[in-house]
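For the sequence shown, my numbering gives the first residue as 1317, with consecutive numbering after it.
Just so it is clear, CB atoms sit at the ideal spot from N, CA and C, and this is done for glycine as well.
First comes the structure, then the notes that go with it.
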Amino acid sequence: MENFDVVVIGGGPGGYVAAIRSAQLGKKTAVIEKEHLGGICLNWGCIPTKSLLKSAELYQSMKSAQEYGLSASEVKFDMEKIVEKSQKVSKQLVGGIQSLLKKNKVTIIKGAAKIQSQGKIVVDEKLQIETKDIIIATGARARILKGFEPDDKNIWTYREALRPRSLPKSMIIVGSGAIGIEFASFYNALGVDVTVLEAANRILPVEDIDISNAAKKAFEAKNIKFKTGIKLLQQQALGGNVKVEIEQSGKKEILQSEILLMAVGIVANTENLGLENTKVKIENNHIITDKYMQTGQPNIYAIGDVAGAPWLAHKASHEGIIASEKIAGNAPHKIIRENIPGCTYSNPQIASVGLTEEAAKKAGYQVRVGSFPSFANGKALIVGNNNGLIKTIFDKKTGELLGAHMLGSDVTELIHGYVISKQMEGTEEDLMNTVFPHPTLSEMMHESVLHAYGKQIHI
């Protein structure tokens, strides 16, 4: 029997951060991980996908070097080395996490955890652990549709897409959320014939409609094909290909591709945790928590994907801090979900925070809306960002920034400017009176705000 103050179940970006912070707050802490530290994010998600996308971006840049007065002949890529680079980065970061846990004197326990009672956990049905508090950070897995189960041949999830044995000639991607669009961008850049299917009537359905429409045009200019408003009916293996039957506007159609990549969301990992032995409640496939990540069982907390949307690593890490601080008896701030940025690392990139224009109006706000296109920004033209757009939404009565939505080069690095403004409850006056450096992409952020109030200069 081992005894701890806090035990974290899951070593992903939520779990390991919660464990480190708990230890820093003087709690004897352990983290239990059954597969690998860093979770899906570092090993199968955020990190390796961004490495793949960077390789694809560089490949495309080299192919268009002549636009900058440069020449590069016989530009080629090595798929094996691209994947190898992504795994190298992941392994380096995972090793760093292990060092950080060790530095903070967090005990790492390998195995599958199951809660037996209020303060008792068993690992792999062998090791008995007693703890005062528990933080569940078990994450989520890819949603699998019946009849479209991955077969490691023609039907893939993100796992197979991250480590392809060879480059397919064609690919159908089901789902146009962040995961689907990122893989569409990557494989398209390497020459794969990509078609994206989406059940909603537009791609990137959680984004503002203007960003969604602009992104579709930008991707179509790169020869990515889209079919929206579709219903997926069935699939059938056909030699080295797969046939997919869909229905769109009442008409059935059969598509054929070498690979069918399923990117239709995720399912929280709540099974086999022993939650039936607790007062923890599950609703709509995630654990119910309060503003401090506390569940129906007072000494059990849940963070990250297992605790519901948005399914983002940075949200999980922040929730881990909140839970740890609460356990330590401090008074942490509650998380404001409207202030959590979302990013898609495609080419062009997409980033947003807060309400869309449609959601703001539905919530009863009278709004002022501003926008600015990248073709009117000098730095955007220099880097080849001709299809970008920044849109800002303000409360007409108070000037509060309600939402910001961005498409273009490096917008995932720029969105934090609006995030800080929202977190500090900034108004249009604060943003308009801020001096943005020239020449930078960030000037578009300023111009979008000015446009919302009829004070724009460069358009």
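Q) Using the C-alpha atoms, what's the distance from Thr1594 back to Gln1403? A) 38 Å
Q) If you draw a straight line from the C-alpha of Gly1331 to the C-alpha of Lys1392, how long is it? A) 40 Å
Q. Out of Pro1648, His1602, Ile1638, which has the shortest C-alpha to C-alpha gap to Trp1627?
A. His1602
Q | DSSP-derived helix/strand/coil call for Arg1479 | A | coil
Q) Just the Cα atoms here: how many angstroms apart are Val1405 and Leu1368? A) 11 Å
Q. Which partner residues does Asp1449 have in the DSSP bridge list?
A. Val1322
**Q.** Asp1746, enclosing beta strand (DSSP E) - first and last residue
**A.** Where Asp1746 is concerned, there is no enclosing beta strand (DSSP E), although the alpha helix (DSSP H) it sits in stretches over 1744–1748.
Q | Buried versus exposed, by CB contacts within 10 Å (16 or more), His1754 | A | exposed
Q. What number of angstroms, rounded off, separates the C-alpha of Leu1705 from the C-alpha of Ala1346?
A. 46 Å
(Q) In this structure, how does DSSP classify Asp1509 when only helix, strand and coil are distinguished? (A) strand
Q.
In chain order, what are the residue ranges of uninterrupted beta strand (DSSP E) at least 3 long that sit wholly in the stretch 1384–1436?
A. 1423–1426, 1429–1433
**Q.** Separation of Gly1361 from Val1508, as counted between CA atoms
**A.** 21 Å
Q: Quick one: grab the DSSP three-state call for His1774.
A: coil
**Q.** Rounded separation between Gly1556 and Met1487 - CA only
**A.** 12 Å
Q. When the Cα of Leu1461 is compared with those of Met1761, Ile1582, Gly1715, Glu1390, which residue comes out closest?
A. Ile1582
Q) According to DSSP, is Phe1752 helix, strand or coil? A) coil
Q: Compute the beta-carbon to beta-carbon distance between Ala1667 and Val1727, rounded to the nearest angstrom, for a pair I have assumed lies under 8 Å.
A: 4 Å
Q) When DSSP labels each residue in this structure, what does Gln1552 get in the three-state scheme? A) strand
Q) Considering Pro1689, what are the terminal residues of the beta strand (DSSP E) in which it resides? A) 1683–1689
Q: Check whether the Cβ of Ala1579 lies closer than 7 Å to any heavy atom of the ligand HEM, and answer yes or no.
A: Of ligands this structure carries none, so the ligand HEM is not represented either.
Q: Could you have a look at Trp1627 and say whether DSSP puts it in helix, strand or coil?
A: coil
Q. In three-state terms, what does DSSP make of His1721?
A. strand
(Q) Quick check: what's the CA-CA separation for Ile1356 versus Val1324? (A) 16 Å
Q: Take Gly1700 and list the residues in its own chain whose beta-carbon comes closer than 8 Å to its own, dropping the five residues that flank it on each side.
A: Ser1380, Glu1383, Ser1725
(Q) Can you check which of these residues, Gly1636, Arg1337, Leu1757, is closest to Phe1688 by C-alpha distance? (A) Leu1757
Q | Phe1535 - DSSP class collapsed to helix/strand/coil | A | helix
Q.
With a threshold of 8 Å between beta-carbons, can Pro1689 be considered close to chain D, or not?
A. Protein chain content of the structure displayed is limited to a single chain, and chain D is not contained in it.
Q: Can you tell me which of Gly1686, Leu1718, Lys1436 puts its alpha carbon nearest to the alpha carbon of Lys1678?
A: Leu1718
(Q) Am I right that Phe1502 and Ala1372 are in contact with their C-beta atoms under 8 Å? What's the rounded C-beta distance? (A) 5 Å
Q: Leaving aside the five residues before and after His1774 along the sequence, list all residues of the same chain whose C-beta is less than 7 Å from its C-beta, in chain order.
A: Ala1692, Glu1763
**Q.** Span separating the alpha-carbon of Ile1656 from that of Ile1731
**A.** 10 Å
(Q) Mapping the DSSP letters down to three states, classify Phe1464 as helix, strand or coil. (A) coil
Q | Expected contact under 8 Å - CB spacing of Asn1585 and Gly1455 to nearest Å | A | 6 Å
Q.
Starting from Lys1677, trace the alpha helix (DSSP H) in both directions and tell me its first and last residue.
A. 1673–1678
**Q.** Range of the contiguous alpha helix (DSSP H) that encloses Gln1739
**A.** 1732–1739
Q: Name the residue from Ala1623, Val1512, Asp1394, Ile1570 whose alpha carbon lies nearest to the alpha carbon of Leu1374.
A: Asp1394
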